[in-house]
Ligand code: B12
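Below, the structure is given as structure tokens:
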């Protein structure tokens, strides 16, 4: 496995939405990162529709059609659709496969008729339970791999996943403000699990000549971010969540080291860091995913995106049409603005507007702002000797950046949390081996079911 | 650089938390126990409790030290001075201290009652459930934790086996929460009545109150007072009125 030891870009300033160093082509005349931003629509079935394969397929047929129809009606040049599996679609590989096949058929029909460019991402659900089973050899893994195959065979262009390795440790650590557990669960164990999973996913993608897309730290950094919540929430400190994001970037990078080509998964808020390191096209979601959750970087997170997504919207009627149609419209006009800026030579101006709207809204938006994302990325590649070192370097860099910028205002509590995180990080063992030993003895005692063998250790 | 100060308002800074005041005990040793719990000092809690046990009866250490401190922690959280992690770390410390006291007594503290918790079949989003578990345990309840992705049958069987005062369910997906009314229907059919508190991101008041037994849990903090009500015999209808009315 080749590890990244240099940045894809010379500086953050070189990064812009719509263009990636290594564009990806697939689907129906669809290119991501080649100088143009496309919308990625994620529809979600209504409760009850999952009861049978027939009713779920019908639900997807409607949702996908509504989206394509709206895109054509409004003159959008292209659209990617994500099939973000509900667990029934992964648990029954033929369901996932047949829905991919049906979606391809619909996209082909619209392509033949109108020439609208399109592609499909299938995100297979990771139903493995690290604290309850052997995640390298269990039924959920077997079914997930089968569903990757059935999806690829039937029409998915991009295979993605939100893998959950190390989650038993990070779940424990995030609610205890325990940066050691974050580093161990995400930085070390999460990365090791991704190495295991992505070897298999890339093999399947190659077998069917489709693109291995990407992963996201949804299971961990998003947990911290969503628990940190809005400005008035008192769950997880925002500075702690921001540092967790940097650790998540060091982990998510593993997919691309294993051969994933992007575009990355939309809910990976660490993707600006990933793009800076790898040059791979990225999907992002911001204000357009208010239907799924709130975040404090609704504009900023679009600043280097190549696909612009809504995370997930449940199928319903709205005054303006069904939700897939309405969100296709919102996404489509957002990217039209970005593409106009590109065409008129104003992309950097628009990017500056997006960034400055949110950079100091929250430490999380601050860390993923391109300039800082670049520096966190640089800390990762400069310390890419092992998973532990690079994740620790990313965390330290993020903490230092937040503390050093006077404009990034923090409450006393948030600042103290961050200073403590930094002190803790600097006190951890120098070598990965010692760190793993230390963590094993600590977490074995408090997390029943924690099993090193799940991570090849 | 332009002045962007009116683009957004950092309401979090305007509302900085007040001072942390800590309840006091006249007894120096018990005071140390309380401080260790309030500060979540897991490293030293065992030694500190052992010191206190040299002078005090275990029941006194529990009641006047550990439990009082946890009440203080709940207050700090309610007032927004503590964040969730401070609360969880304190409850870890409290549980460690309790363990020492129970060993000295030679038996466990009598639990307030049994609660079964689970995350819905097909759903591995169990963080909310884990928080609920921690808070219930810290408040003296025995928690039977069935884990995540729990088949409907297993929930029913566990209820028959343990006869809990209350059962909880967590679901983060609209396509998995449908297990809850299946559970409620099965219980009704088998003539079992108990409060079934359902929570988690996907679950709405409207959904949970659409079937018998269901009570909607919005925040994990509600679990201990709900369990207290259930143990004291409040019916599911009354609980629904009280919490969802
Ligand atoms: C983190 C996360 C994950 C993590 C889960 C990690 C974990 N250990 O739980 C991972 C990556 C594993 C994951 C996987 C998936 N996820 Co997910 N995930 C989330 C996310 C981002 C946050 C959820 C969370 O942890 N919140 C924090 C906890 C603490 O909140 P909570 O559980 O709601 O609990 C609070 C209250 O509800 C209450 N509460 C909860 N239970 C109880 C019980 C009682 C008794 C009481 C009183 C209170 C109470 O107390 C808590 C706080 O006080 C949400 C986004 C969102 N908007 O919610 C999506 C989300 C839930 N996921 C979603 C989806 C679709 C998936 C996947 C299917 C995606 C895929 N294809 O891979 C898989 C599902 C796999 C499976 N079989 O379950 C969707 C669900 C859509 C829907 N409504 O159906 C969401 C909403 C995101 C989206 N797309 O919009 N996910």
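Protein chains in written order, with this note's numbering: chain A, 1 to 457; chain B, 1 to 245.
Don't be surprised by glycine CBs; every beta carbon is placed ideally from N, CA and C.
Just so we're clear, the structure is a prediction, and the values are computed from it rather than from any experiment.
Taking the beta carbon of residue i as the centre, do at least 16 other beta carbons fall within 10 Å, making it buried, or is it exposed?
i                      : result
residue 161 of chain A : buried
residue 70 of chain B  : buried
residue 263 of chain B : Since the first residue shown for chain B is 1 and the last is 245, residue 263 of chain B is missing from the structure and cannot be characterised.
residue 139 of chain A : exposed
residue 75 of chain A  : exposed
residue 148 of chain B : buried
residue 261 of chain A : buried
residue 235 of chain A : buried
residue 319 of chain A : exposed
residue 446 of chain A : exposed
residue 44 of chain A  : buried
residue 232 of chain B : exposed
residue 13 of chain B  : exposed
residue 452 of chain A : exposed
residue 309 of chain A : buried
residue 449 of chain A : exposed
residue 60 of chain A  : buried
residue 252 of chain A : buried
residue 1 of chain A   : exposed
residue 48 of chain A  : exposed
residue 51 of chain A  : exposed
Looking only at DSSP bridge pairs, what is residue i linked to?
i                      : result
residue 198 of chain B : B:169, B:216
residue 121 of chain A : A:82, A:158
residue 56 of chain B  : Answer is none; residue 56 of chain B lacks a bridge partner.
residue 283 of chain A : A:307
residue 238 of chain B : Per DSSP, none; premise fails for residue 238 of chain B.
residue 26 of chain A  : A:30
residue 322 of chain A : A:317
residue 480 of chain A : Nothing can be reported for residue 480 of chain A: it is not among the residues displayed for chain A, which extend from 1 to 457.
When DSSP labels each residue in this structure, what does residue i get in the three-state scheme?
i                      : result
residue 68 of chain B  : helix
residue 327 of chain A : helix
residue 112 of chain B : coil
residue 125 of chain B : coil
residue 159 of chain A : strand
residue 293 of chain A : coil
residue 363 of chain A : helix
residue 16 of chain A  : strand
residue 394 of chain A : helix
residue 12 of chain B  : helix
residue 77 of chain A  : coil
residue 317 of chain A : strand
residue 128 of chain A : coil
residue 232 of chain B : coil
residue 203 of chain B : coil
residue 31 of chain A  : strand
residue 9 of chain A   : coil
residue 120 of chain B : strand
residue 448 of chain A : coil
residue 104 of chain B : helix
residue 207 of chain A : helix
residue 112 of chain A : helix
residue 346 of chain A : coil
residue 21 of chain A  : strand
residue 196 of chain A : helix
residue 211 of chain B : coil
residue 222 of chain A : helix
residue 89 of chain A  : helix
residue 243 of chain B : helix
With 8 Å set as the bound, which would you pick, yes or no: does the beta-carbon of residue i sit closer than that to a beta-carbon of chain E?
i                     : result
residue 33 of chain B : In the displayed structure, chain E is absent; the protein chains listed are A and B.
Q) Which ranges would you report for the alpha helix (DSSP H) in the region 408–443 of chain A if only whole runs of at least 4 residues count? A) 412–427
Q: Please specify which runs of the beta strand (DSSP E), each continuous and at least 3 residues long, are wholly inside the region 132–196 of chain B, giving them in chain order.
A: 142–145, 166–170
Q) In chain order, which continuous runs of the alpha helix (DSSP H) of length 4 or greater are located wholly inside the region 35–74 of chain A? A) 53–73
Q.
Threshold first: 4 residues or longer. Then list the alpha helix (DSSP H) segments lying entirely within the region 131–194 of chain A, N to C.
A. 139–154, 167–174, 179–182
Q: Jot down the residue ranges of each uninterrupted alpha helix (DSSP H) in the region 233–280 of chain A, minimum 4 residues, whole runs only, in chain order.
A: 238–257, 271–278
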